Amino acid sequence: MVETKWGQQAEALAQGRLDAVILNDWYAIASLAALSPGTVQSARVLDQDLVIWCGQDGTVQVWADRCPHRSVRLSRGKVVANTLVCPYHGMVYDTTGQCIQVPAHPDYVPPKQACVRSYPVQVQYGLVFVCLGDDPSAIAPFPEWTDDQFVKALAGPYPCQTGGYRAIENFLDLAHFAHLHTGILGDLEFPQVGDYAVTTDDRGVHFDDIHIWQPDPMNTGQGGFVTYAYSAFRPLTAYFRKTTPDGDCLTIWYVVTPVSEAECIGWMWMALNFIDASQTDDAIAFQDKVFEQDRDSLESHNPKRLPLDLTTEFHVPCDRGSLAYRQWLKQLGVTYGTL
Ligand SMILES: [Fe+2]
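Here's what the structure looks like:
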């Protein structure tokens with residue numbers, strides 16, 4: 069992989085902290101709806117500063133956020149037609165990242181190395197994804213995306229001062245419901261967690277048939293028994309499907325972007341088969357509330373990186389899902405953000 073020798077990512081690669089699985093995965097960096105022609109934004113993924121810009125033709129580019137001339141941030145620049153112009157000396161870059169114009173020398177032809185590193189971009193599920201590696205994997209499926217029975221609502225982004233796998237583990241964890249989501253997803257009178265099955269296959273790690281009672285599982289003000297099925301499809305993409313005996317169903321497709329080994333940003337697509345489109349704001353507000361209840365605990369993790377050495381923390385029977393997730397990460401060869 070070609071990389072600037074100034075980048076922290078290059079340092080992580082050199083130190084063996086950054087592995088191929090994490091480097092070649094796709095990470096959500098913007099909502100497509102927030103990118104209109106002419107928009108320039110910054111993002112940070114795997115310790116790499118990025119500029120996201122949208123040309124006047126609507127095409128989205130994601131590049132290293134550094135002008136190769138004097139190393140200033142291109143995200144402070146502006147879009148002119150389908151080019152990005154550096155704020156410092158007005159260098160003009162075309163959609164391939166090549167410098168095509170130097171205002172101080174109108175007749176100067178910039179050399180080939182006057183080129184910004186660009187990254188593969190995919191727009192999927194209304195989100196812009198970037199891959200920083202040269203051998204991109206696949207974006208995990210969101211099963212309800214094309215199912216018209218479900219209304220979709222995007223919650224987040226949720227920036228969080230913890231490692232991405234801690235955020236995923238929290239998403240997959242039921243035993244904290246009684247304590248952090250009292251009165252909504254759990255009840256202090258009933259903190260017990262029953263047995264559940266865990267399987268690992270080539271689609272990831274899955275926990276099935278988890279039956280629990282929740283005081284207000286669907287934000288309807290009604291308590292009831294629900295059944296959960298969870299999956300971690302990718303190291304930083306997880307999913308659950310929660311159903312009531314009446315057939316009401318909420319699924320959440322959760323993608324977590326690793327800003328660094330200790331910071332992340334979560335994006336949650338919800339799919340609900342029991343509301344209409346006018347109720348999506350309520351569904352998002354509910355998810356915002358649940359995430360804020362999780363935040364203090366999430367950000368207090370020490371270490372923020374996830375220990376794959378299972379002797380670092382102790383485990384109880386209902387942690388079998390978290391153990392399977394950690395073992396799977398180890399099997400995949402994930403090193404970034406782990407200990
Ligand atoms: Fe939670």
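So the sequence shown is residues 69 to 407, counted in our numbering.
Where a beta carbon is used, it is the ideal one built from N, C-alpha and C, also for glycine.
As the structure is a computational prediction, the values presented were derived from the model and not from experiment.
Proximity test, Gln282 beta-carbon vs ligand 1 heavy atom, cut-off 7 Å: no
Cβ distance (whole Å) where Leu397 is taken to contact Thr406 below 8 Å: 7 Å
Given Lys220 as reference, the closest of Gln395, Leu374, His383 and Thr348 once Cα atoms are compared: Thr348
Per-residue DSSP class, three states only, for Lys357: helix
Ligand 1 heavy atom lying under 7 Å from the CB of Asn238: yes
Unbroken beta strand (DSSP E) run spanning Ala300, endpoints: Gly292 to Arg302
Reduced DSSP category for Asp269 - H, G, I as helix; E, B as strand; rest coil: strand
Distance CB(Glu381)-CB(Thr230) smaller than 8 Å: no
Cβ-Cβ separation, Cys135 to Cys154 (assumed contact under 8 Å), whole Å: 4 Å
At least three beta-carbon pairs within less than 8 Å, the region 236-243 to the region 337-354: no
8 Å CB neighbourhood of Tyr156 in its chain, flanking five on each side removed: Cys135, His137, Arg138 and Val140
Whether Tyr296 touches Ile278 by CB criterion (8 Å): yes
Contacting residues, own chain, Cβ-Cβ under 6 Å from Ile352 (five flanking each side not counted): Ala221 and Ala223
Contact test: Gln181 Cβ vs ligand 1 heavy atom, cutoff 7 Å: no
CA-to-CA distance, Gln116 to Thr107, given in whole angstroms: 20 Å
The region 92-99 / the region 195-206 touching (three or more Cβ pairs under 8 Å): yes
Any non-hydrogen atom of ligand 1 within 7 Å of His369 CB: no
CB contact flag (Tyr233, Leu374, <8 Å): yes
Rounded C-alpha distance that separates Leu152 from Met159: 8 Å
Cβ-based burial, Trp281 [other Cβ within 10 Å; buried from 16]: exposed
Among Arg85, Leu91, Gly145 and Glu331, the one whose alpha carbon lies nearest that of Ser110: Gly145
C-alpha distance - Gln260 paired with Arg394, whole-angstrom precision: 23 Å
DSSP-derived helix/strand/coil call for Gly165: coil
His157 beta carbon near ligand 1 (any heavy atom closer than 7 Å): no
Alpha carbon of Pro211 to alpha carbon of Gln169, nearest angstrom: 46 Å
Ligand 1 heavy atom lying under 7 Å from the CB of Asp409: Nothing in the structure corresponds to residue 409, since the chain is present only between 69 and 407.
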